[in-house]
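Asks: Chains as they are written, first to last, in numbering that gives the first Met the number 0: chain A, 0 to 225; chain B, 0 to 304.
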Amino acid sequence: MIQLTNVSKKYGKKEVLKNISLTFSSGKVYGIVGDNGAGKTTLFRCIGGFENFDGEISSNLIPLKNYLGFLFTEPHFFVRITGKEYVQLLCNARKVKLEKLASKNIFDLPLNQYVSTYSTGMKKKLAIFGLLMQENDYFILDEPFNGLDIQSTILMEEIILSLKELNKIIILSSHVFSTLKKTCDEILILEQGTLNRTVKKEDFDALESELTDKILEKKIHKLGLR
Amino acid sequence: MKAYFQLHVKMMSRKLLEIGFKPAFGFILLLVCFIAFSWFLFRQTNYAHILVALAAVFYAGKLSNTKRNDLLKLSFGDSAFRQLRLIENLVLTVPFTVILIAHQEFIFALIIILINSLQAFTNAKKQVQPVIPTPFGKRPFEFPSGFRSSIIPILLSLTIAIYALTINNFNLIIFSMLLVFAIAISFYLKAENEFFVWIFNKSPLKFLLYKILVAWMYVSLLLAPILILLFFYYLNEFQYILIFLAFGYIYLATTILAIYACFPFELNVENTILIGASIFFPPILIITIPFFYFGAKNRVIHYLP
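(1) Which whole-angstrom value is the C-beta distance of A:Gly38 and A:Thr4, which I expect to be below 8 Å?
(2) Distance, Cα to Cα, A:Glu164 vs B:Lys72?
(3) Apart from the five residues just before and just after A:Asn135, which ones in its own chain have a Cβ nearer than 7 Å to its Cβ?
(4) Figure out for me which residue from A:Leu130, A:Gly36, A:Gln112 has the closest Cα to the Cα of B:Gln128.
(5) Which whole-angstrom value is the C-beta distance of B:Ala163 and B:Ser149, which I expect to be below 8 Å?
(6) Residues of the segment 133–166 of chain B in Cβ contact with chain A at a cutoff of 8 Å, in chain order, please.
(7) In the structure shown, what three-state DSSP assignment does A:Arg196 receive?
(8) With respect to the alpha helix (DSSP H) encompassing B:Asp69, which residues constitute its N-terminal and C-terminal limits?
(9) Would you decide whether A:Thr211 is buried or exposed? Buried here means 16 or more other CB atoms lie within 10 Å of its CB.
(10) Quick one: using the 10 Å Cβ neighbour count with 16 as the cut-off for buried, is B:Val305 buried or exposed?
(11) When the Cβ atoms of the segment 90–105 of chain A are set against those of the segment 115–122 of chain A, are three or more pairs found closer than 8 Å?
(12) I'd like the span of the alpha helix (DSSP H) that includes B:Lys1, first residue to last.
(13) Using 8 Å as the threshold, is the C-beta distance between B:Ile182 and B:Ile153 below it?
(14) Mind checking whether A:Ser57 and A:Asn166 have CB atoms under 8 Å apart?
(15) Could you list which residues in chain B have their beta carbon closer than 8 Å to that of A:Pro62, in chain order?
(16) Could you check whether the Cβ of A:Ala205 sits closer than 8 Å to any Cβ belonging to chain B?
(17) Compare the C-alpha of B:Thr271 against each of B:Ile255, B:Pro282, B:Ile285 and name the closest.
(18) Can you tell which of A:Glu157, A:Lys181, A:Gly192, A:Gly146 has its C-alpha closest to the C-alpha of A:Glu201?
(19) On the premise that B:Leu40 lies in contact with B:Leu50, defined as a C-beta separation below 8 Å, what is that separation, rounded to the nearest angstrom?
(20) Please list the residues of the segment 104–115 of chain A that have a C-beta atom closer than 8 Å to any C-beta atom in chain B, keeping them in chain order.
(21) So the alpha helix (DSSP H) B:Asn115 belongs to, where does it begin and stop?
(22) With a threshold of 8 Å, are at least 3 pairs of Cβ atoms found where one atom belongs to the segment 194–212 of chain B and the other to the segment 88–96 of chain A?
(23) Could you tell me whether the segment 225–236 of chain B touches the segment 257–274 of chain B, where touching means 3 or more Cβ pairs closer than 8 Å?
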């Protein structure tokens, strides 16, 4: 369980998160949806402990960060480091023994090559693979489907569902609604730093129509396309 | 083209402002540090002119990055691009040339001008990237990454050591040993992304100790061939070897602490000056090491509560 109580975050005078209170339960997948700049990444960074914030974040496993796999939208890599060495670094940091790496390489990554030779999608897969090898209990995945090909997207969806079955907590953001629909138990709508509402699985279709209507009504006609 | 160079001055000014200096003062300080360091180098070793020339060629080479060149070529067109790159390389070469001329190393001054002019028309394209094996893969990342990036200077330092042995020059072998330490220190100069500190399940003290111990262990591996030569051929000088070795390990640890004392930002000018001052006057290490340690601890505690 991860519990957020009145979490607020300001950058200077700008309030990016406003009194967010939430509980994430084990064995569930949570999707965070919001416009660009709504505060999704900041919320993730606060949970991860990258940012100072007002309020409280607690978890049943303490300290939370030691059990958390955190996927950045754009993961960072070092020059002249191979995929295998990257995974080794992540496992060393968490004191996890790395075994049978080749057989676990379900994304078919060229682990003995430099990460700098990987494509964007391959880098994303490597970052995800590293987090999975760390054997975390909580996962924050910021845009995990970005850059993935169709096969890997399907694989990623299945991985998320498998983690759920293992009673892990998965919190993810995605701009692709179909992937959220497939994987999430609840979708949380973040608007300008405020948690607008929580939508349950049975209402996902209605939410999708609502979001589509909102975009079509308010945005597309402004382009004046003819 | 003028706008391009103005933009570069602006970028450098911003960088100086970020680390807490007014640009005009920062530029003067950089110049003073460069002159002071060169002066120090020429006082310490007879091979300073080679090091200065190598540094000039190395830094100009960094500007020949393919992606950078492609962008410039696309933006300015072929002919302006060549002019721009030539000017860029020559501007970068000026301070090194002045230092070499001041020490009457005219041939080396001419060589770096020629090499860097030629470098302006080269593309550091890496068609294939064969993976260089390292013995450091068990504990990535600074050493495997740094070793592969600095393979030429490392081989050069080993060559210097072997050459020194053939001419029976103890001081030169010691110099090659210190060069390996300097190369190892360079592996740490760029601060890593905060994620790579955050992922560790360690307290700040244990994390910093881990970083230092890994650095010491791996630099010892790099030094092994030189140390074998030293202890085999100059065992009677072992007390000097140990003193220089100890200094190398201490400065490596000090630099690591200094870098984490600025984390997640790059090493700032204040800490660089303090490290420089510690090299000139080692007794102040008694103050700088604890100062950097507490600074580093305060910085990484945010990521390792």
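Virtual Cβ for every residue (Gly too), placed ideally from N, Cα, C.
Replies: Once the coordinates are examined:
(1) Not quite, the Cβ-Cβ distance comes to about 17 Å (not below 8 Å), so this is no contact.
(2) Between the alpha carbons of A:Glu164 and B:Lys72 lies a distance of about 53 Å.
(3) Within the same chain, A:Asn135 has close Cβ partners Tyr66, Leu67, Gly68.
(4) When each option's Cα is compared against that of B:Gln128, the closest is A:Gln112.
(5) About 20 Å; that fails the 8 Å criterion.
(6) Within the segment 133–166 of chain B, the qualifying residues are Gly136, Lys137, Arg138, Pro139, Phe140, Pro143, Ser144, Arg147, Ser148.
(7) A:Arg196: strand per DSSP, three-state reduction.
(8) Where B:Asp69 is concerned, the enclosing alpha helix (DSSP H) stretches over 65–75.
(9) With a threshold of 16 other beta carbon atoms within 10 Å, A:Thr211 falls short and is exposed.
(10) The first residue shown for chain B is 0 and the last is 304, placing residue 305 of chain B beyond what the model contains.
(11) With the cut-off at 8 Å, the segment 90–105 of chain A and the segment 115–122 of chain A do not touch.
(12) Residues 1–17.
(13) In this structure, B:Ile182 lies near B:Ile153, with their beta-carbon atoms less than 8 Å apart.
(14) No, they are not a contact pair.
(15) Under the 8 Å cutoff, chain B gives Pro304.
(16) No, because no Cβ of chain B sits closer than 8 Å to the Cβ of A:Ala205.
(17) Distances from the CA of B:Thr271 to each of B:Ile255, B:Pro282, B:Ile285 were compared; the closest alpha carbon is that of B:Ile255.
(18) Cα-wise, what sits closest to A:Glu201 is A:Lys181.
(19) Between B:Leu50 and B:Leu40 a beta carbon distance of about 6 Å is seen, short of the 8 Å cut, so the two are scored as contacting.
(20) From the segment 104–115 of chain A, only Asn111, Gln112, Tyr113, Ser115 have a Cβ closer than 8 Å to chain B.
(21) DSSP places B:Asn115 in the uninterrupted alpha helix (DSSP H) bounded by 105–118.
(22) The segment 194–212 of chain B vs the segment 88–96 of chain A: in contact.
(23) Short answer: they don't touch.
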